[in-house]
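The sequence shown: position 471 = 473 (our numbering), numbered continuously.
Structure, as structure tokens:
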Amino acid sequence: MAALAYNLGKREINHYFSVRSAKVLALVAVLLLAACHLASRRYRGNDSCEYLLSSGRFLGEKVWQPHSCMMHKYKISEAKNCLVDKHIAFVGDSRIRQLFYSFVKIINPQFKEEGNKHGNIPFEDKIASVKVDFLWHPEVNGSMKQCIKVWTEDSVAKPHVIVAGAATWSIKIHNGSNEALSQYKMNITSIAPLLEKLAKTSDVYWVLQDPVYEDLLSENRKMITNEKIDAYNEAAVSILNSSTRNSKSNVKMFSVSKLIAQETIMESLDGLHLPESSRETSAMILMNVYCNKILKPVDGSCCQPRPPLTLIQKLAACFFTLSIIGYLIFYVIHRNAHRKNKPCTDLESGEEKKNIINTPVSPLEILLQSFCKLGLIMAYFYMCDRANLFMKENKFYTHSTFFIPIIYILVLGVFYNENTKETKVLNREQTDEWKGWMQLVILIYHISGASTFLPVYMHIRVLVAAYLFQTGYGHFSYFWIKGDFGIHRVCQGAFEKIFSLWPLSKCFELKGNVYEWWFRWRLDRYVVFHGMLFAFIYLALQKRQVLSEGKGEPLFSNKISNFLLFISVVSFLTYSIWASSCKNKAECNELHPSVSVVQILAFILIRNIPGYARSVYSSFFAWFGKISLELFICQYHIWLAADTRGILVLIPGNPMLNIIVSTFIFVCVAHEISQITNDLAQIIIPKDNSSLLKRLACIAAFFCGLLILSSIQDKSRH
């Protein structure tokens, strides 16, 4: 009765809400979200640098997330590479001095906070030709004006970046008087034109004053209240923003430090100066503002302009546009033909005359329809991955963001189970199930940022290796290229030379770097041999009729089955404990290729020896397993961001709702791509060998033409 009720309920749900209706809903959601983001960009502006300098939030305690973009954490070599032959000047009070120290420590972590606190502090890296100066000007007065005025002269070398700001000294010295605020307004008004002139040739940032923690302030600083600081900030913003006749000032407001300070000022030692972690965040923001447009890091989307359209992208857009037009023409013709052949009513008898001729759907129409759908999907890919229409944010790992979804899909997977059509070892339903839960775990691993959690990482590597055993032809060929092709190398140098050849390097966009391929090969280098050995043993046992693969029957005799099950469970638990307790990632990676087969084989035996376990499968996991390749590929473009380092944000400000909506669209797109590829395969790949060879030759020539055009475009750029 329960099974009957379940099947009836499923049919009723499918009657009202099918996969087709889900895809229509996903299409409507994409159109609405794209329109909302486009309107927001036009209203609020399309400059992610402004968001980086003015807004954001903390993920956890110390991870700063700018609004709508990703911030890159610069290493020493990257910072030096960006700032080579550059001069950066920090002008202001003790808070600006703190920012100066944190900025310099990105370039040289050994730089010590020494020297005269109330004097200028120089820094120079002669190897990288980087010069960073702190100029002590604690008040906005004539002294600061003279310093800035010197740089406006044509004969004087100007800093490439100027970071200035001051106010607390004016409040302190003048005991927070209104006259001091009025004088501050007059002084900053006289300085504003100079800053605006400098901003035409240099990057100029005015740092707004951070709030203070009044309870910790010493007696001689009690007059520095947050109310006074707000008044000085309002004066600076209004004057500097109106210092030019243009609609927008060239002087950039560095106001994000206020938001950082609001969350961290309680950790201050004196109530005035920020803790070191907050200063480092502000310094890293400055580095991102200046260097992202120069180095273009993958995970640093802030301040990066949209990449120009390539020739291949333009040609693809034209191709899909023509496909859409062609499909619409075919659709109109087909609809008119259908109207002409529509049954007409016999006026005498009052009955409908049935048409004998049915208009068949031509292969060309199916082909154009597939390309039409694929073109719309590729447009969505471009909007998510290249156009900067939607937002991208960094990931932040917590145990709950990983384990709660894992438990949730496990419950769903157990709940939705059905009997298998066949009961052979690793039957199709079971392998689809395996690929499904494997892919879902990998997706959760990526979206939650679990790569920072080593035991989970090691388990995922095991799952990835297991995935290779149970793949279809498309999956297997991909990993075979990664694994088996690499086996025939003499050394890593030869491996690099092979993949440095023009067709391969251009096709895979390796740009001379094969580290990722080499790393994956080292992790999975024995997978192919393990799979072949398992297949050989299985076929040999099957030929000798050692296996009992009937419904409900154990795979071997009871004694052998119980013994193998015991060994498998012990092996599975032992490997899991070892992987969970692994502390050194490098050592574990070295052992993994040899010992991961133990975990995989143990799982296969546990899953297939009992007849009842082999006779059922999870339809929930199997459904995802059928589109596992599409899910794996699409996640990089329309679900995650920056090569899995970030998350695509369709609905800002609500992470949970954003994940739900983006995942729903992502799964619908992957399922549609699976159907499109199946339709295209049936049309493009004929059954007879001669036609197949001709079409394969045409496809090869087509892609070679694209590679040649892409190479010509690259040469023209250089």
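Heads up, the beta-carbon is just placed ideally off N, CA and C, and yes, glycines get one too.
Bounds of the alpha helix (DSSP H) holding LYS199 are 180-200.
Sixteen is the threshold: when 16 or more other Cβ atoms of the shown chains lie within 10 Å of the Cβ of ALA233, as they do, the residue is buried. Beta-bridge annotation (DSSP): GLN67 is paired with ARG59. The DSSP assignment places 123-127, 132-138, 163-167 as complete runs of the beta strand (DSSP E) inside the segment 103-189, in order along the chain (cut-off: 3 residues). About 7 Å separates the CB atoms of ILE267 and ASP212; that is less than 8 Å, so the two are in contact. HIS89 sits in a strand when the DSSP states are folded into three classes.
Residues VAL142, MET146, LYS147, ILE150 of the same chain have their beta carbon placed closer than 7 Å to that of ILE193, with the five preceding and five following residues left out of the count. Cβ contact annotation for TYR186 (same chain, cutoff 8 Å, sequence separation greater than five): VAL142, ALA169, SER172, TYR234, ALA237, in chain order.
DSSP places SER244 outside any alpha helix (DSSP H), giving it a letter other than H or E. CA-CA distance, VAL599 to TRP520, rounds to 20 Å. Assignment of ASP95 by DSSP, reduced to helix, strand and coil, places it in the coil class. Spatial neighbours of TYR614 in its own chain (CB-CB distance under 8 Å, excluding positions within 5 residues in sequence) are listed in chain order as GLY554. For LEU378, there is no enclosing beta strand (DSSP E); the residue is part of the alpha helix (DSSP H) that begins and ends at 365-387.
Closest by C-alpha distance to SER676, out of SER630, GLN715, ILE686, GLY451, is SER630.
Looking at the DSSP output, GLY648 sits in a beta bridge with ASN396, ALA643. Judged by DSSP secondary structure, LYS254 falls within the beta strand (DSSP E) whose first and last residues are 254-256.
Excluding the 5 residues flanking it on each side, ALA285 has same chain C-beta neighbours closer than 8 Å at LEU101, SER104, PHE105, LYS107, ILE108, in chain order. Of the residues assessed, PRO688 falls on the exposed side of the cut-off, its CB having fewer than 16 other CB atoms within 10 angstroms.
Between the beta-carbon of PRO612 and that of LEU525 there is about 31 Å, and that puts the pair past the 8 Å contact cut. Excluding the 5 residues flanking it on each side, ASN243 has same chain C-beta neighbours closer than 6 Å at SER251, in chain order.
In this structure the segment 388-408 does not lie against the segment 579-589, because fewer than three pairs of beta carbons, one per stretch, are closer than 8 Å. For the 8 Å CB-CB criterion, ALA31 and ILE667 form a contact.
A residue is called buried once 16 or more other Cβ atoms fall within 10 Å of its Cβ, and MET188, having fewer, is exposed. Considering only LEU445, VAL209, CYS84, the residue with the shortest C-alpha distance to SER664 is LEU445. Spanning the alpha carbons of SER70 and HIS639 requires a straight line of approximately 17 Å. For TYR207, the enclosing beta strand (DSSP E) starts and ends at 205-209. Judged by DSSP in its simplified three-state form, SER270 adopts coil rather than helix or strand. By alpha-carbon distance to VAL618, the top candidate from ILE678, GLU435, LEU557 is GLU435. If you check the CB distance, SER303 and CYS374 do not come in under 8 Å. In the three-state scheme derived from DSSP, where H, G and I count as helix and E and B as strand, SER220 is classed as coil. In the displayed model, SER692 falls within a helix according to three-state DSSP. The segment 404-420 makes no contact with the segment 39-58, as fewer than three CB pairs between them are under 8 Å. For HIS39, the closest C-alpha among the options ILE608, ILE287, VAL651 is that of VAL651. In the DSSP annotation of this structure, the continuous segment of the beta strand (DSSP E) that includes SER620 starts and ends at 618-620. With fewer than 16 other CB atoms across the displayed protein chains lying within 10 angstroms of its CB, ASN118 is exposed.
Take CYS386, set aside five residues on each side of it, and the residues of its chain with a beta-carbon closer than 7 Å to its own are PHE392, HIS639, ILE640, LEU650, in chain order.
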